[in-house]
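Protein chains: 2
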Amino acid sequence: MTNFPKGFALHVGNVGIKDNTNDLMVLTADSNSAVAGVFTQSRFAGPNIEISKQNIATGSAKAVAIISKNANVATGETGRSNAEEITELVAATVNAEPSEIILGSTGVIGVQYPMDRIRDYLSQLKSPFSGREAEAAAAAIMTTDTHPKVASASVGPATIVGVAKGVGMIEPNMATMIAVITTDAEINSDRLDEIFRRIVDKTFNALSVDTDTSTSDMAIVLASGQAGVVAEDQFESALAAVCLSLTRQLAADGEGAETLIVVDVTSARDEEQARRVAKAIVNSPLVKTAIHGRDPNWGRVAMAIGKCGDADINQQDVAIYFGDHEVYPTPVSPQKLTELETYLGSDEVRITADLGVGNGTFTAYGCDLTDGYVRINADYTT
Amino acid sequence: MTNFPKGFALHVGNVGIKDNTNDLMVLTADSNSAVAGVFTQSRFAGPNIEISKQNIATGSAKAVAIISKNANVATGETGRSNAEEITELVAATVNAEPSEIILGSTGVIGVQYPMDRIRDYLSQLKSPFSGREAEAAAAAIMTTDTHPKVASASVGPATIVGVAKGVGMIEPNMATMIAVITTDAEINSDRLDEIFRRIVDKTFNALSVDTDTSTSDMAIVLASGQAGVVAEDQFESALAAVCLSLTRQLAADGEGAETLIVVDVTSARDEEQARRVAKAIVNSPLVKTAIHGRDPNWGRVAMAIGKCGDADINQQDVAIYFGDHEVYPTPVSPQKLTELETYLGSDEVRITADLGVGNGTFTAYGCDLTDGYVRINADYTT
Numbered sequence: 008m009t010n011f012p013k014g015f016a017l018h019v020g021n022v023g024i025k026d027n028t029n030d031l032m033v034l035t036a037d038s039n040s041a042v043a044g045v046f047t048q049s050r051f052a053g054p055n056i057e058i059s060k061q062n063i064a065t066g067s068a069k070a071v072a073i074i075s076k077n078a079n080v081a082t083g084e085t086g087r088s089n090a091e092e093i094t095e096l097v098a099a100t101v102n103a104e105p106s107e108i109i110l111g112s113t114g115v116i117g118v119q120y121p122m123d124r125i126r127d128y129l130s131q132l133k134s135p136f137s138g139r140e141a142e143a144a145a146a147a148i149m150t151t152d153t154h155p156k157v158a159s160a161s162v163g164p165a166t167i168v169g170v171a172k173g174v175g176m177i178e179p180n181m182a183t184m185i186a187v188i189t190t191d192a193e194i195n196s197d198r199l200d201e202i203f204r205r206i207v208d209k210t211f212n213a214l215s216v217d218t219d220t221s222t223s224d225m226a227i228v229l230a231s232g233q234a235g236v237v238a239e240d241q242f243e244s245a246l247a248a249v250c251l252s253l254t255r256q257l258a259a260d261g262e263g264a265e266t267l268i269v270v271d272v273t274s275a276r277d278e279e280q281a282r283r284v285a286k287a288i289v290n291s292p293l294v295k296t297a298i299h300g301r302d303p304n305w306g307r308v309a310m311a312i313g314k315c316g317d318a319d320i321n322q323q324d325v326a327i328y329f330g331d332h333e334v335y336p337t338p339v340s341p342q343k344l345t346e347l348e349t350y351l352g353s354d355e356v357r358i359t360a361d362l363g364v365g366n367g368t369f370t371a372y373g374c375d376l377t378d379g380y381v382r383i384n385a386d387y388t389t
Numbered sequence: 008m009t010n011f012p013k014g015f016a017l018h019v020g021n022v023g024i025k026d027n028t029n030d031l032m033v034l035t036a037d038s039n040s041a042v043a044g045v046f047t048q049s050r051f052a053g054p055n056i057e058i059s060k061q062n063i064a065t066g067s068a069k070a071v072a073i074i075s076k077n078a079n080v081a082t083g084e085t086g087r088s089n090a091e092e093i094t095e096l097v098a099a100t101v102n103a104e105p106s107e108i109i110l111g112s113t114g115v116i117g118v119q120y121p122m123d124r125i126r127d128y129l130s131q132l133k134s135p136f137s138g139r140e141a142e143a144a145a146a147a148i149m150t151t152d153t154h155p156k157v158a159s160a161s162v163g164p165a166t167i168v169g170v171a172k173g174v175g176m177i178e179p180n181m182a183t184m185i186a187v188i189t190t191d192a193e194i195n196s197d198r199l200d201e202i203f204r205r206i207v208d209k210t211f212n213a214l215s216v217d218t219d220t221s222t223s224d225m226a227i228v229l230a231s232g233q234a235g236v237v238a239e240d241q242f243e244s245a246l247a248a249v250c251l252s253l254t255r256q257l258a259a260d261g262e263g264a265e266t267l268i269v270v271d272v273t274s275a276r277d278e279e280q281a282r283r284v285a286k287a288i289v290n291s292p293l294v295k296t297a298i299h300g301r302d303p304n305w306g307r308v309a310m311a312i313g314k315c316g317d318a319d320i321n322q323q324d325v326a327i328y329f330g331d332h333e334v335y336p337t338p339v340s341p342q343k344l345t346e347l348e349t350y351l352g353s354d355e356v357r358i359t360a361d362l363g364v365g366n367g368t369f370t371a372y373g374c375d376l377t378d379g380y381v382r383i384n385a386d387y388t389t
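Chain order of the listed sequences is A and B. Residue 306 in this note's numbering is what sits at position 299 of the first sequence, and the numbering runs on without skipping anything. Residue 97 in this note's numbering is what sits at position 90 of the second sequence, and the numbering runs on without skipping anything.
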């Protein structure tokens, strides 16, 4: 069990949004926390995204409330006023202003909240809360995740604890799936924001399960300050480790996934090219199905590199590896083929594409494409 | 059975590239034909693409040779010299210069051609050929297609006959899968090129089975001139109809596909925005699996529109339809839901997204995502 750092308190419960599993998480800070966050850029973002962006702009927050099983997306004016009302109800519960609340929502699109149930529940909810368990928070925000995701790290006297969800409809872009990171380190919101965005760029924004960037992604980090100031570079390393762990956990739990795929692109023109190529490989249905079939089909990796189209990528300068095994241009011997098939049966497979252009690198995270993904998403009923 | 137009003659046969199905197609023009073509922009294009681009630049060709079951991609210097040698052998067989030959190749990546077999076969092959059947040509170029694709149209005294293949590793970009269109209409290569590119833009380049743009795509059109001059606008209409038919046939035969999906985007800022949004919808794994599951999940269509990120797309101005049924913003009644599920069980489903911005439109073609696609591509062994 992982407890949240000093200064945070948790409530989880079942409102009855859709079923009888926990569907509400409210995390409070004893006193206002420095806060930073990134959000989906989807043009179909839910109203909670707008509300949260406005509220986060102050750099300070008192509570994060997340509803699961309903994203409150494409719900028009009614959805908008419902989101505002929930923000006010949560604020009243935790003795804060509405502008000090961050609101997350994930689940079905196009369905109104069951407001009667939500009003009843929140009007009876009392603070302060006494919950401390991150696993309970992570479980309350899940939709199709098969298990809760938690990660933690220490930095001097401070700890960082994060929870995340999101394994389908996932390719965050300048935003993330829902991740809430907490720390009792003391750091002002501007520094927190700069550090967090840098980390998000290499973790949550490097993740793709199915290219379908969600309407509801958000990642936020709150710092209560109760453990005092810590060395900033050490803080950044620890926060990066927590975010990377959550990213890898999300990729590995991709809907229907059996294999975590890590794609390293090296010797690119620059990081931007490396990122595009890494995403092209990790997003390719043909690469993903090959990994599922334990097929060392490097030709599909070559195809994925090739479709990026950049004129400075030359076939003769490219090298491709599965794990430590080079598969192109050196031909694969029959003996090596057997080793490769064994390697591809692992829970984690690393594909490296060296472009032979410059010094740019990037790592992307994803998963194989299986019948499971198709069944989960074809059998889901609106 | 569909015969090629006047001025074209066909040979098909089995060289033994991989198995005993036909794997060679050679189509000759009695005298040089005007020719135009588009090719993959993949950075991992096979050497035949470079050779064909150079040869097509003259605007005139004598024969098209296509090898199936081996793409000759990522085969290095050996692959390059093999492609040149095959071009010379075909030229000798049909009494032409190597520069008058267009060479296509499709199939496995990273394996050298069995040159002994190819040399033996071509050295014994004699022209002129006597074949006329387009279906035989279409069958000889297939890899994972389940059936040959042929389309034809008349224009005055002339006919247009096209064959195509390509149902996996398909999202042509400024190029196409392998399509060979022939006509006995008389038209010079510059006019042919301009018309063909305009048509390709709305047909083959509007097709996506799985976003994995191939290393080997090409579409070419040859005009023997033997039927004389025809009205150019009528010629363009007829050629467009042939290419559209082939595009729809390819989409419907997508690996594992059970449903052809047609996505119409209307009222976009311009055609470019309409194209991006149409592709985002037709490429979304979540939209594709929903169609497979007959689930009128318009929320996923909204998500796909949303991920395009353009600031001028506003949720409240968007409308979404499945067939003629509006599903957003007007809520779907229970009765309508039943009608929708029936509609989604058809062989062809049309999704319309009206963006409410301007006058731009675009139509994209694709297919559902099924367990069949996963099995075909996970069970394929290198």
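Here a beta-carbon is modelled for each residue, glycine too, at the ideal position from N, C-alpha and C.
- Query: Going along the chain, which residues of its own chain have a beta-carbon closer than 6 Å to the beta-carbon of residue 232 (chain A), five neighbours each way excluded?
  - Reply: By 1-based counting over the first sequence, the position of residue 232 (chain A) is 225. The beta carbon of residue 232 (chain A) is closer than 6 Å to those of 193 in its chain, skipping five residues each way along the sequence.
- Query: Terminal residues of the continuous beta strand (DSSP E) containing residue 335 (chain B)?
  - Reply: Along the second sequence, one-based indexing puts residue 335 (chain B) at 328. Its beta strand (DSSP E) spans residues 332-335.
- Query: For the stretch 229-261 of chain A, which residues have a beta carbon sitting closer than 9 Å to at least one beta carbon of chain B?
  - Reply: For the stretch 229-261 of chain A, the set of residues with a beta-carbon nearer than 9 Å to any beta-carbon of chain B is empty.
- Message: According to DSSP, is residue 357 (chain B) part of a helix, a strand, or is it coil?
- Response: In the second sequence, counting from the first residue as 1, residue 357 (chain B) sits at position 350. Strand.
- Item | Burial state of residue 236 (chain A) (16 or more Cβ within 10 Å) | As a working note, residue 236 (chain A) is residue 229 in the first sequence. Classification of residue 236 (chain A): exposed, given that the 10 Å Cβ count is below 16.
- Query: Among all the DSSP beta bridges, which residues are the ones paired with residue 4 (chain B)?
  - Reply: What the structure shows of chain B is the stretch from 8 to 389, and residue 4 (chain B) is not part of that stretch, so it cannot be assessed.
- Neighbour list for residue 320 (chain B) in chain A, Cβ cutoff strictly below 8 Å: As a working note, residue 320 (chain B) is residue 313 in the second sequence. Near residue 320 (chain B) (Cβ distances below 8 Å), the residues of chain A are 50.
- Hey, could you find the ends of the alpha helix (DSSP H) residue 202 (chain B) is sitting in? Locating residue 202 (chain B) in the second sequence gives position 195, where the first residue counts as 1. Residues 196-209.
- Item | Proximal residues of chain C, C-beta to C-beta of residue 116 (chain B) below 9 Å | The structure shown has no chain C; the protein chains it does contain are A and B.
- Within the 9 Å Cβ cut-off, does residue 323 (chain A) reach chain B? Taking the first sequence and counting its residues from 1, one reaches residue 323 (chain A) at position 316. Judged by the 9 Å Cβ criterion, residue 323 (chain A) is in contact with chain B.
- Beta-carbon proximity of residue 107 (chain A) to residue 55 (chain A), cut-off 9 Å: What you label residue 107 (chain A) is simply residue 100 of the first sequence in a count that begins at 1. What you label residue 55 (chain A) is simply residue 48 of the first sequence in a count that begins at 1. Their beta carbons are not under 9 Å apart, which means residue 107 (chain A) does not touch residue 55 (chain A) by this criterion.
- Any C-beta of chain A sitting closer than 9 Å to the C-beta of residue 380 (chain B)? In the second sequence, residue 380 (chain B) corresponds to position 373, counting from 1. For residue 380 (chain B), at least one C-beta of chain A is nearer than 9 Å to its own C-beta.
- Query: Excluding sequence positions up to five away, which residues of its chain have a Cβ less than 6 Å from the Cβ of residue 250 (chain B)?
  - Reply: Taking the second sequence and counting its residues from 1, the one referred to as residue 250 (chain B) is at position 243. Here the set comprises 206, 210.
- Query: Is there a Cβ from chain B that is less than 9 Å from the Cβ of residue 208 (chain A)?
  - Reply: Within the first sequence, the letter at position 201 stands for residue 208 (chain A). So, not an interface residue.
- Query: Is it the case that the Cβ atoms of residue 318 (chain A) and residue 50 (chain B) are separated by a distance below 9 Å?
  - Reply: In the first sequence, residue 318 (chain A) corresponds to position 311, counting from 1. In the second sequence, residue 50 (chain B) corresponds to position 43, counting from 1. When the beta-carbon positions are compared, residue 318 (chain A) and residue 50 (chain B) come within less than 9 Å of each other.
- Item | Alpha-carbon to alpha-carbon, residue 299 (chain A) and residue 26 (chain A) | Your numbering for residue 26 (chain A) matches position 19 in the first sequence. Your numbering for residue 299 (chain A) matches position 292 in the first sequence. When rounded, the distance between both Cα atoms is 33 Å.
- Query: Which value, in whole angstroms, describes the spacing of the CA atoms of residue 377 (chain B) and residue 347 (chain B)?
  - Reply: Counted from its first residue, the second sequence places residue 377 (chain B) at position 370. Counted from its first residue, the second sequence places residue 347 (chain B) at position 340. Distance between the alpha carbons of residue 377 (chain B) and residue 347 (chain B) is about 20 Å.
- Would you say residue 328 (chain A) faces chain B, with C-beta separation under 9 Å as the test? Start at 1 with the first residue of the first sequence, and residue 328 (chain A) comes out as number 321. Under the 9 Å criterion on CB atoms, residue 328 (chain A) is classed as non-interfacial with respect to chain B.
- List the residues of chain B whose Cβ lies closer than 8 Å to the Cβ of residue 315 (chain A), in chain order. Position 308 of the first sequence, counting from 1, holds the residue named residue 315 (chain A). Contact of residue 315 (chain A) with chain B by beta-carbon distance below 8 Å involves 50.
- Task: State buried or exposed for residue 366 (chain B), treating a residue as buried only when at least 16 other CB atoms are found within 10 Å of its CB.
- Result: Along the second sequence, one-based indexing puts residue 366 (chain B) at 359. Under this definition residue 366 (chain B) is an exposed residue.
- Same chain, Cβ closer than 6 Å to residue 245 (chain A), neighbours up to 5 away in sequence not counted: Working through the first sequence from its first residue, we reach residue 245 (chain A) at position 238. Within the same chain, 160, 162, 167 come within 6 Å of residue 245 (chain A) by CB-CB distance, once the 5 residues on both sides are set aside.
- Message: When you compare the CB positions of residue 72 (chain B) and residue 34 (chain B), do they come within less than 9 Å of one another, or not?
- Response: Numbered from its first residue, the second sequence carries residue 72 (chain B) at position 65. Numbered from its first residue, the second sequence carries residue 34 (chain B) at position 27. In contact: residue 72 (chain B) and residue 34 (chain B) (Cβ atoms closer than 9 Å).
- With a Cβ-Cβ cutoff of 9 Å, do residue 369 (chain A) and residue 255 (chain A) count as a contact? In the first sequence, residue 369 (chain A) corresponds to position 362, counting from 1. In the first sequence, residue 255 (chain A) corresponds to position 248, counting from 1. In this structure, residue 255 (chain A) does not lie closer than 9 Å to residue 369 (chain A) by Cβ.
- Message: Going by the DSSP bridge assignment, what does residue 285 (chain A) pair with across the sheet?
- Response: Position 278 of the first sequence, counted from the first residue, corresponds to residue 285 (chain A). Note: residue 285 (chain A) is not bridge-paired with any residue in the DSSP secondary-structure output.
- Message: Using a Cβ-Cβ cutoff of 9 Å, what residues of the stretch 57-82 of chain B are near chain A? List them in chain order.
- Response: Of all residues in the stretch 57-82 of chain B, 78, 80, 81 have a Cβ within less than 9 Å of some Cβ in chain A.
- Message: Can you tell me whether residue 159 (chain B) is helix, strand or coil according to DSSP?
- Response: Position 152 of the second sequence, counting from 1, holds the residue named residue 159 (chain B). Reduced to three states, the DSSP call for residue 159 (chain B) is strand.
- Item | CB contact check: residue 340 (chain A) to chain B, cutoff 9 Å | What you label residue 340 (chain A) is simply residue 333 of the first sequence in a count that begins at 1. No, because no Cβ of chain B sits closer than 9 Å to the Cβ of residue 340 (chain A).
- Item | Proximity winner among B:238, B:295, B:43, relative to residue 265 (chain B) (alpha-carbon distances) | Working through the second sequence from its first residue, we reach residue 265 (chain B) at position 258. The candidate whose alpha carbon is nearest that of residue 265 (chain B) is B:295.
- Message: Is residue 39 (chain B) close to chain A? Criterion is C-beta to C-beta, closer than 9 Å.
- Response: The residue you call residue 39 (chain B) lines up with position 32 of the second sequence. At a cut-off of 9 Å between beta carbons, residue 39 (chain B) makes no contact with chain A.
- Message: I need the DSSP call for residue 293 (chain B), collapsed to helix, strand or coil.
- Response: The count along the second sequence starts at 1 and reaches residue 293 (chain B) at position 286. Here residue 293 (chain B) sits in helix by DSSP.
- Item | For residue 104 (chain B), three-class secondary structure by DSSP | For the purposes of this step, residue 104 (chain B) is identified with residue 97 of the second sequence, where counting begins at 1. Secondary structure of residue 104 (chain B) (DSSP, three-state): coil.
- Message: Out of A:87, A:145, A:185, A:18, which one is the CA nearest neighbour of residue 129 (chain A)?
- Response: Walking along the first sequence from the start, residue 129 (chain A) turns up at place 122. Nearest option by C-alpha distance: A:18.
- Cβ of residue 219 (chain B) within 9 Å of any chain A Cβ: Looking up residue 219 (chain B) in the second sequence gives position 212. Chain A, which has a Cβ nearer than 9 Å to the Cβ of residue 219 (chain B), makes this yes.
- Message: Taking a contact to mean a Cβ-Cβ separation below 9 Å, would you say residue 381 (chain B) touches residue 381 (chain A) in this structure?
- Response: Taking the first residue of the second sequence as position 1, residue 381 (chain B) is located at position 374. Taking the first residue of the first sequence as position 1, residue 381 (chain A) is located at position 374. Residue 381 (chain B) places its beta carbon less than 9 Å from that of residue 381 (chain A).
- According to DSSP, which residues form a beta bridge with residue 172 (chain B)? To locate residue 172 (chain B), count along the second sequence from 1; it is residue 165. Per DSSP, B:185.
- Query: Taking the DSSP output, what are the residues bridged to residue 18 (chain A)?
  - Reply: Along the first sequence, read from residue 1 onward, the residue named residue 18 (chain A) stands at position 11. The partner list for residue 18 (chain A) (beta bridge, DSSP) reads A:33.
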